[in-house]
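Here is the structure we will look at.
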Amino acid sequence: MLDPLGGLFWPETGLLAVSDLHLEKGSSNARKGSLLPPWDTHVTLDRLGLLLRRWKPRIVVTLGDSFHDPEGAGRLPKGELERLNAMTAAHRFIWVLGNHDPHPPNGIGGQFVEEFVAHPILFRHEAVARADAGEVVGHHHPKASIPARGGNVSRPCFVVDSRRLMMPAFGAYTGGLDVRNTAIARLFPRGGRVFLLGRDRLFSFAIGQLSG
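All you need for the working numbering is the position in the sequence shown, starting with 1, plus 1191.
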């Protein structure tokens, strides 16, 4: 089950997956002199909470880059840290480590792993070119453009073929990479379908139908 908010739910196992939350990206950028409104963590956790209430999962798997940098968890405002740990106490949380957060942070509930397997599906942060069928990944923040009245509309999307599913980035301040970019296209050599995130529904297109 693909959710328009950017999550995946597997009813048989009660598993909810999201990817690339990039919590505390705003505060990370502020330390480098690029000032953004410091609300990205709050907005992202609001959306995550909505998914938890909607699907009531037993297991939550986050597919890496949950924190924007290795110190991100330590910068969480107290209220957001308490809210996140309330979520991890109510559900079994599996944090897959990513390139932005390669080490388990202190003070965050849940289990931190390199990969997670719920047979026959393997959840990891970044796709492996020769992976067996049944790989669910994040990392690339896929997006796609479609024609609309007045021009093209670009939105985050899922990308799917017979071997793997690539998740959209879930974080409020995450950018996107076009699905036709070589970094993504090489992982889907025979094409595939995208599921564009809409307000209340998904819009599905073959990759070849996408606009420039």
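Every residue gets a Cβ at the ideal spot worked out from N, C-alpha and C, and that includes glycine.
Inset, instruction - Report buried or exposed for residue 1273, applying the criterion of at least 16 other Cβ atoms within 10 angstroms of its Cβ. - result: exposed
Legend entry - Start-end ranges of the beta strand (DSSP E) lying completely within the region 1267-1298, minimum 3 residues: 1283-1287
Inset, instruction - Could you tell me the distance, in whole angstroms, from the CA atom of residue 1269 to the CA atom of residue 1364? - result: Their Cα atoms are separated by approximately 20 angstroms.
Inset, instruction - Within 10 angstroms of the Cβ of residue 1203, are there 16 or more other Cβ atoms? Answer buried if so, exposed if not. - result: Exposed, since its Cβ has fewer than 16 Cβ neighbours within 10 Å.
Legend entry - Beta-carbon proximity list for residue 1192, same chain, < 6 angstroms, skipping 5 on both sides: 1200
Legend entry - Burial state of residue 1244 (16 or more Cβ within 10 Å): exposed
Legend entry - Residues bridged to residue 1317 (per DSSP): BP columns for residue 1317 are empty, so no partner.
Legend entry - Buried versus exposed call for residue 1353 [16 or more other C-beta atoms within 10 Å across all chains shown]: exposed
Legend entry - Through-space distance from residue 1341 to residue 1177, alpha-carbon basis: Absent from the model: residue 1177. The displayed extent of the chain is 1192 to 1403, so no value can be given.
Inset, instruction - Could you check what DSSP says for residue 1372 in three-state terms: helix, strand or coil? - result: Coil.
Inset, instruction - Please look up how many angstroms separate the CB atoms of residue 1327 and residue 1317, rounded, as I've assumed it's under 8 angstroms. - result: Not quite, the Cβ-Cβ distance comes to about 12 angstroms (not below 8 angstroms), so this is no contact.
Legend entry - As assigned by DSSP and simplified to three states, the class of residue 1265: Assigned with DSSP and collapsed to three states, residue 1265 falls in helix.
Legend entry - residue 1247 - DSSP class collapsed to helix/strand/coil: Correct three-state label for residue 1247: coil.
Inset, instruction - List the endpoints of the continuous alpha helix (DSSP H) containing residue 1217. - result: 1216-1222
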